[in-house]
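Peer 1: Could you have a look at this structure, given as structure tokens, before my questions?
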């Protein structure tokens with residue numbers, strides 16, 4: 002029983018969860034400390050590096066919505082999903098606090114002026130969809146296993162989204178970013194962070210559904226595709 | 002007969018066309034919603050990610066001019082060309098509408114002040130040429146099959162062109178972008194979008210001709226090249 | 002004799018020289034038409050794409066200084082050097098003219114205000130050195146043959162240099178750029194373009210010397226390196 | 002004995018140390034000469050190119066903190082560490098002098114207004130940690146040996162950090178940058194440069210410790226990981 006307990010404790014501080022913690026902390030540290038007009042570039046590019054760094058260890062999700070999409074695609078277990086989510090949110094809060102100490106200011110994810118809640122949440126759903134759709138296609142397809150561009154692709158979506166819809170929704174695309182920043186600023190903006198988190202998870206879930214349609218053939222390449230016998234959109 | 006009908010319907014909603022739809026929609030969503038000075042970077046970089054994501058499924062054209070060049074190079078059939086074009090334009094319009102809802106404004110492709118129609122269309126021809134020439138060289142040459150830079154190369158041409166000639170022609174380089182944005186704004190600027198589309202297709206066609214000259218040797222590498230027996234430019 | 006003549010003519014319009022022409026023209030077209038503050042990014046990134054596109058065909062030099070360095074490194078013949086130089090300068094002039102038509106203005110390479118000629122030329126020597134040193138290391142070393150980052154590395158040096166010393170020297174790092182822009186603007190600034198060209202060739206030549214020192218071991222990896230028997234810097 | 006002497010002298014001017022010298026000089030030359038708002042992009046991207054260029058020769062550290070992390074990870078010997086450090090600092094000073102001549106101004110690393118020494122040094126520790134953590138994960142793990150993204154990942158961390166905490170700490174993340182710039186400006190800001198250097202080395206050392214935890218499984222992949230028998234964080 003005691004051994005069992007230690008075992009569970011080890012799952013929580015396994016290389017995978019430490020990797021998720023460090024990666025998410027480093028990402029949110031960058032988001033918290035970057036204040037120039039080039040901030041989206043800083044955020045996206047550090048994510049490129051962190052995904053390549055942690056990919057072989059934990060898959061380098063650093064994002065509960067990405068982990069949800071990976072889980073729905075069958076690329077991770079439910080218990081791993083739980084420990085990943087915890088590592089990511091704790092990492093996000095840690096990075097937000099460290100970034101706040103360094104920069105002397107604590108920011109939160111917030112929507113732009115004259116942006117309706119619907120617009121903001123739709124922006125978060127859409128961009129998180131693009132992010133998770135990209136992750137599933139570049140990082141979970143055997144046909145392109147061991148490619149050398151998965152980290153670049155993933156980071157660039159966040160970079161792009163931070164420029165395009167960042168001024169609209171705040172540009173989290175990641176519950177660990179939204180919640181981490183909120184926790185670090187003593188739960189300021191927590192309601193918005195929770196809304197954003199739900200939108201991100203919805204975007205991730207939709208991406209897993211679309212991925213199934215799109216990857217139908219490349220996931221079963223040896224099989225002969227018989228036209229007319231299956232309606233992809235009904236799967 | 003019924004089976005035949007279902008079969009055709011399936012072609013329209015095959016993984017390939019869904020992939021083209023999602024990719025083009027995501028690209029045009031970014032174009033519609035990005036309004037900062039870094040917009041060209043957002044547009045080009047999301048294209049990098051989307052090309053890597055969809056490449057193994059559909060070739061990740063997301064652009065009727067690219068599909069035309071691929072067709073002329075012998076890399077896709079005429080019937081595929083048709084379904085790709087439809088998916089791309091429908092995807093472009095969908096992305097433009099979603100982006101318009103999110104950002105609250107609908108933009109169209111338009112030329113800069115004091116730019117003549119000739120200058121604008123020449124800019125579109127030239128840049129679409131560079132784009133399609135790049136696509137054919139990095140994505141249809143057996144010698145560099147399975148390279149890990151095709152998506153980066155393709156997205157970077159669009160990023161570059163959006164900076165260089167974007168202020169001149171509007172920077173579409175893609176009929177699905179020009180038409181999609183026009184459709185979403187209730188056919189505003191449709192004439193200009195059609196002109197741009199023709200210019201894009203011309204650029205794509207010219208690139209296929211130049212590609213034949215340039216790739217003459219690398220497409221037939223095992224053969225011995227005998228100087229003086231063929232005039233490449235006359236092929 | 003007639004056949005011989007055709008043969009020579011074919012060398013001039015071989016796939017390699019057409020590839021150099023198209024690539025250099027596309028690069029200088031971008032330089033000529035880009036006018037925003039993001040111009041260095043447009044220039045460097047289109048070069049990334051063009052180098053990946055043309056690399057398998059011609060080596061994708063697009064730059065007489067790069068070709069000189071490649072020649073000194075033993076990677077191309079003297080007669081090829083000649084035809085490459087011609088293709089590059091003609092391509093540069095063509096791109097500059099097209100870019101001038103499209104943008105309605107013709108620029109030339111020029112040094113910044115309050116910059117001495119010595120500072121400007123030293124900047125051109127240093128940056129062309131970094132460029133050619135990078136080319137030789139990423140594109141002519143058997144140990145890293147078939148790598149997927151050579152085009153990225155090469156384009157990023159130009160992007161970087163255009164930001165760092167562009168305001169000092171004009172940021173050509175390439176005689177085909179300096180001369181092409183001068184030719185297109187009816188030989189305006191030709192003297193400066195010639196000085197820059199000489200500086201670029203010097204930078205390229207110095208890079209070939211440094212490359213020999215640095216690559217001493219990786220070019221002869223099977224051999225055992227005996228310390229104390231050779232003084233690398235005296236080679 | 003004489004031979005022994007020559008041998009040692011050769012170690013100092015080996016391909017590896019010349020490579021570190023050229024790379025660090027080129028990096029600091031860029032830092033010294035870049036003055037536009039895009040300077041972080043110039044600095045990070047030239048580092049991408051230089052890391053890819055010198056990687057096969059010397060590992061392309063160009064940074065005493067990276068070399069320390071590599072040493073602690075067991076990837077280089079103590080005597081190599083010494084000669085690398087000397088090459089890097091001498092290279093940094095050389096690049097800073099050349100860059101100063103070219104740009105006509107000599108800058109040093111300095112913290113932002115209203116930034117406390119603690120904030121500045123913490124920023125340097127954190128970013129150098131992310132940098133070295135990335136280096137160890139992408140460049141010293143057999144599982145991802147011969148990957149084609151290590152240079153990109155490393156350069157992008159510096160690019161990101163120069164944007165995010167550059168305005169806070171000055172953004173060195175590298176003792177050779179801090180000391181090289183100080184030496185070139187006649188030891189101005191030497192005290193701050195020394196503080197930064199210590200912070201950078203601390204960040205590098207911490208990264209080596211974290212790397213051990215995170216890479217525990219991927220470094221010993223053939224072994225079966227038995228849960229409950231080891232506590233990773235106590236290693």
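Residue numbers (our numbering), protein chains in the order written: chain V, 2 to 236; chain B, 2 to 236; chain H, 2 to 236; chain R, 2 to 236. Each residue gets a CB set at the ideal place from its N, CA and C atoms; glycine is no exception. No experiment lies behind these values; they were computed from the predicted model shown.
Can you check the region 133–219 of chain H for any alpha helix (DSSP H) of at least 4 residues that lies completely inside it and give the ranges in chain order?
Peer 2: Listed in chain order, they are 151–165, 167–170, 176–185 and 191–215.
Peer 1: Looking at chain R, which residues of the region 202–221 of chain H have a Cβ within less than 9 Å of any of its Cβ atoms?
Peer 2: From the region 202–221 of chain H, only 211, 214, 215, 216, 217, 218 and 219 have a Cβ closer than 9 Å to chain R.
Peer 1: Tell me the start and end of each unbroken beta strand (DSSP E) in the region 46–125 of chain R that is at least 3 residues and wholly inside, in chain order.
Peer 2: Counting whole runs of 3 or more residues, the region 46–125 of chain R contains no beta strand (DSSP E) stretch at all.
Peer 1: Is there at least one Cβ from chain R nearer than 7 Å to residue 158 of chain H's Cβ?
Peer 2: The residue labelled residue 158 of chain H in the question sits at position 157 within the third chain. Yes, residue 158 of chain H counts as interfacial toward chain R.
Peer 1: Nearest by alpha-carbon distance to residue 166 of chain B: which of H/138, H/103, H/117 and H/212 is it?
Peer 2: As a position in the second chain, residue 166 of chain B is number 165, starting the count at 1. The option with the nearest alpha carbon to residue 166 of chain B is H/103.
Peer 1: Which residues in chain B sit within 8 Å of residue 155 of chain H, going by Cβ to Cβ distance?
Peer 2: In the third chain, residue 155 of chain H corresponds to position 154, counting from 1. Result: empty, since nearest Cβ-Cβ is about 12 Å, beyond 8 Å.
Peer 1: In angstroms, rounded to a whole number, what distance separates the CA positions of residue 224 of chain B and residue 155 of chain H?
Peer 2: On the second chain, residue 224 of chain B is found 223 positions in, with the first residue counted as 1. On the third chain, residue 155 of chain H is found 154 positions in, with the first residue counted as 1. With a pLDDT of only 38 at residue 224 of chain B, under 50, the local geometry of the prediction cannot be trusted, and the value read off the model is given with reservation. Whole-angstrom Cα-Cα distance: 31 Å.
Peer 1: Identify, in the order they occur along the chain, each residue of the same chain with its Cβ nearer than 6 Å to the Cβ of residue 107 of chain B, setting aside the five sequence neighbours on each side.
Peer 2: The residue you call residue 107 of chain B lines up with position 106 of the second chain. 101, 185 and 186, listed in sequence order.
Peer 1: Roughly how many angstroms lie between the CA atoms of residue 58 of chain R and residue 27 of chain R, to the nearest whole one?
Peer 2: On the fourth chain, position 57 is the one that residue 58 of chain R refers to. On the fourth chain, position 26 is the one that residue 27 of chain R refers to. Looking at the two C-alpha atoms, the distance is approximately 16 Å.
Peer 1: By the criterion of Cβ-Cβ separation under 8 Å, what are the contact partners of residue 135 of chain R in chain V?
Peer 2: As a working mapping, residue 135 of chain R is identified with position 134 in the fourth chain. Neighbours of residue 135 of chain R on chain V, chain order: 50, 51, 53 and 54.
Peer 1: Name the chain R residues that come within less than 8 Å of residue 44 of chain H, Cβ to Cβ?
Peer 2: Here residue 44 of chain H is taken as the residue at index 43 of the third chain, counted from 1. Those within 8 Å of residue 44 of chain H in chain R number zero; the least Cβ separation is about 12 Å.
Peer 1: I'd like to know whether the C-beta atoms of residue 109 of chain B and residue 189 of chain B end up nearer to each other than 7 Å.
Peer 2: The sequence position of residue 109 of chain B within the second chain is 108, counting from 1. The sequence position of residue 189 of chain B within the second chain is 188, counting from 1. Yes; because the gap between Cβ atoms is below 7 Å, this pair is in contact.
Peer 1: Would you say residue 35 of chain V reaches chain R, if we count a Cβ-Cβ gap shorter than 7 Å as a contact?
Peer 2: Here residue 35 of chain V refers to the residue found at position 34 of the first chain. Yes, because at least one Cβ of chain R sits closer than 7 Å to the Cβ of residue 35 of chain V.
Peer 1: Let me make sure I understand the geometry here. Which of B/132, B/14, B/97 and B/61 has the alpha-carbon closest to that of residue 211 of chain B?
Peer 2: In the second chain, counting from the first residue as 1, residue 211 of chain B sits at position 210. The residue with the shortest Cα to Cα distance from residue 211 of chain B is B/132.
Peer 1: So, for residue 134 of chain R: in the same chain, excluding its five sequence neighbours on each side, which residues have a beta-carbon less than 7 Å away from its beta-carbon?
Peer 2: In the fourth chain, the residue the question calls residue 134 of chain R occupies position 133. If we look at residue 134 of chain R and ignore the five residues flanking it on each side, its Cβ neighbours are 208, 211 and 212.
Peer 1: Report yes or no: is there a C-beta of chain B within less than 7 Å of the C-beta of residue 78 of chain H?
Peer 2: Counting from one through the third chain, the residue named residue 78 of chain H turns up at place 77. By this cut-off, residue 78 of chain H is not an interface position.
Peer 1: Please confirm if residue 84 of chain B has its CB atom under 7 Å from at least one CB of chain V.
Peer 2: The residue given as residue 84 of chain B occupies position 83 in the second chain. False, the Cβ-Cβ gap to chain V never drops below 7 Å.
Peer 1: What residues from chain B crowd round residue 152 of chain H, counting only those whose CB sits closer than 8 Å?
Peer 2: Within the third chain, the letter at position 151 stands for residue 152 of chain H. Here the neighbours are 150 and 154.
Peer 1: Can you tell me the Cβ-Cβ gap for residue 152 of chain B and residue 150 of chain V, rounded? I've got them flagged as a contact below 8 Å.
Peer 2: Translated into positions along the second chain, residue 152 of chain B becomes position 151. Translated into positions along the first chain, residue 150 of chain V becomes position 149. So it is a contact: roughly 6 Å between Cβ atoms.
Peer 1: Suppose the cutoff is 7 Å on Cβ atoms and the five residues either side in sequence are ignored; what does the same chain contact list for residue 120 of chain R look like?
Peer 2: Residue mapping note: residue 120 of chain R aligns to position 119 of the fourth chain, counting from 1. 169.
Peer 1: Can the beta-carbon of residue 72 of chain H be found less than 7 Å from the beta-carbon of residue 129 of chain H?
Peer 2: Within the third chain, the letter at position 71 stands for residue 72 of chain H. Within the third chain, the letter at position 128 stands for residue 129 of chain H. Cβ atoms of residue 72 of chain H and residue 129 of chain H: not closer than 7 Å.
Peer 1: Skipping 5 residues on each side, what residues in its chain have a beta carbon closer than 6 Å to that of residue 35 of chain B?
Peer 2: Your numbering for residue 35 of chain B matches position 34 in the second chain. Cβ within range, chain order: 43.
Peer 1: Assign residue 6 of chain H to one of two classes, buried (16 or more other C-beta atoms within 10 Å of its C-beta) or exposed (fewer than that).
Peer 2: Counting from 1 along the third chain, the entry for residue 6 of chain H is found at position 5. Low confidence applies here, because residue 6 of chain H scores a pLDDT of 46, under 50, leaving its location unreliable; read the following figure in that light. That one is exposed.
Peer 1: With the cut-off set at 7 Å, would you say residue 40 of chain H and residue 201 of chain H are in Cβ contact?
Peer 2: Here residue 40 of chain H refers to the residue found at position 39 when the third chain is read from its first residue. Here residue 201 of chain H refers to the residue found at position 200 when the third chain is read from its first residue. In this structure, residue 201 of chain H does not lie closer than 7 Å to residue 40 of chain H by Cβ.
Peer 1: Give me the Cα-Cα distance between residue 204 of chain B and residue 124 of chain V, rounded to the nearest whole angstrom.
Peer 2: As a first step, residue 204 of chain B must be located in the second chain, where it is residue number 203. As a first step, residue 124 of chain V must be located in the first chain, where it is residue number 123. The alpha-carbon atoms of residue 204 of chain B and residue 124 of chain V are separated by roughly 34 Å.
Peer 1: Within 7 Å of any Cβ in chain V, is that where the Cβ of residue 40 of chain R sits?
Peer 2: Residue 40 of chain R sits at position 39 when you count from the first residue of the fourth chain. Output row for residue 40 of chain R: interface = no.
Peer 1: What's the gap between the Cα of residue 105 of chain V and the Cα of residue 23 of chain R?
Peer 2: Reading the first chain from its first residue, position 104 is the one you call residue 105 of chain V. Reading the fourth chain from its first residue, position 22 is the one you call residue 23 of chain R. Taking the straight line from one Cα to the other gives about 37 Å.
Peer 1: Does the CB of residue 200 of chain V have a neighbour CB from chain R at under 7 Å?
Peer 2: To locate residue 200 of chain V, count along the first chain from 1; it is residue 199. With 7 Å as the cut-off, residue 200 of chain V does not count as an interface residue toward chain R.
Peer 1: Residues in the same chain with beta-carbon distance under 8 Å from residue 232 of chain V, minus the five sequence neighbours each way, listed in chain order, please.
Peer 2: Translated into the one-based positions of the first chain, residue 232 of chain V becomes position 231. With a pLDDT of only 30 at residue 232 of chain V, under 50, the local geometry of the prediction cannot be trusted, and no value is derived from it.
Peer 1: At a CB-CB cut-off below 8 Å, which residues of chain R make contact with residue 169 of chain H?
Peer 2: If you number the third chain from 1, residue 169 of chain H lands on position 168. Correct list: 34, 103 and 104.
Peer 1: Alpha carbon to alpha carbon, how far is residue 195 of chain V from residue 93 of chain V? Give it in angstroms, no decimals.
Peer 2: Sequence index remark: in the first chain, residue 93 of chain V carries index 92 (1-based). Sequence index remark: in the first chain, residue 195 of chain V carries index 194 (1-based). Spanning the two alpha carbons is a distance of roughly 14 Å.
Peer 1: State the CB to CB distance for the pair residue 157 of chain R and residue 46 of chain V, rounded to an integer number of angstroms; the pair is presumed to be in contact (CB under 8 Å).
Peer 2: In the fourth chain, residue 157 of chain R corresponds to position 156, counting from 1. In the first chain, residue 46 of chain V corresponds to position 45, counting from 1. The pair is a contact, with the Cβ atoms about 4 Å apart (cut-off 8 Å).
Peer 1: Report the CB separation of residue 171 of chain V from residue 90 of chain V in whole angstroms; it is logged as a contact under 8 Å.
Peer 2: Residue mapping note: residue 171 of chain V aligns to position 170 of the first chain, counting from 1. Residue mapping note: residue 90 of chain V aligns to position 89 of the first chain, counting from 1. Not quite, the Cβ-Cβ distance comes to about 17 Å (not below 8 Å), so this is no contact.
Peer 1: Excluding five sequence neighbours on each side, which residues of the same chain lie with their C-beta closer than 7 Å to the C-beta of residue 64 of chain H?
Peer 2: Stepping through the third chain from its first residue, residue 64 of chain H is reached at position 63. Around residue 64 of chain H: 89, 175 and 177.
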